[in-house]
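Visitor: Dropping the structure in here first, questions after.
In the numbering used here, the protein residues as written are 149 to 248.
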């Protein structure tokens, strides 16, 4: 596990931003100016939570978060986002292929 120079405080988390597709399914290159910002990522670090509200996300969780939330950072070559836990919509759970 990578050790980061940032430890989020209270109810803040550090998310590794999921990289947007560089090419469409039809092979068309999509310029950076029209790419949608990704809205999912992996939790890299979490704060300790508030006094009466423990954190519900953990390091390694794949999460969905609100568009244009938080503060974007780049550290050690990793694009990240520092965001409040309350701006995370949910944890993405693996789905069994038998259910599809």
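Note that beta-carbon positions come from the ideal geometry of N, C-alpha and C, so glycine has one too.
Return the CA-CA distance between residue 214 and residue 232, expressed in angstroms with no decimal places.
Guide: Spanning the two alpha carbons is a distance of roughly 10 Å.
Visitor: Just tell me which of 229, 198, 236, 216 has its CA closest to the CA of residue 205.
Guide: Minimum Cα distance to residue 205 is reached at 236.
Visitor: Here's the rule I'm using: 16 or more other beta-carbon atoms within 10 Å means buried, otherwise exposed. How should residue 200 be labelled?
Guide: Flag for residue 200 reads exposed.
Visitor: Could you compute how far the alpha carbon of residue 193 sits from the alpha carbon of residue 229?
Guide: Residue 193 and residue 229: Cα-Cα distance of roughly 11 Å.
Visitor: Can you give the beta carbon distance from residue 191 to residue 209, rounded, assuming they're within the 8 Å contact cut?
Guide: Contact flag correct, Cβ pair sits at about 5 Å.
Visitor: Using a threshold of 9 Å, state whether the C-beta atoms of residue 158 and residue 196 are closer than that.
Guide: Their beta carbons are under 9 Å apart, which means residue 158 touches residue 196 by this criterion.
Visitor: Apply the 10 Å Cβ neighbour rule to residue 243 and answer buried if 16 or more other Cβ atoms are within range, or exposed otherwise.
Guide: Burial call: exposed.
Visitor: From what residue to what residue does the beta strand (DSSP E) around residue 212 run?
Guide: Taken as a continuous stretch (DSSP letters only), the beta strand (DSSP E) holding residue 212 covers 210-213.
Visitor: I need the straight-line Cα distance from residue 160 to residue 216, nearest angstrom please.
Guide: Each residue's Cα considered, the two are about 16 Å apart.
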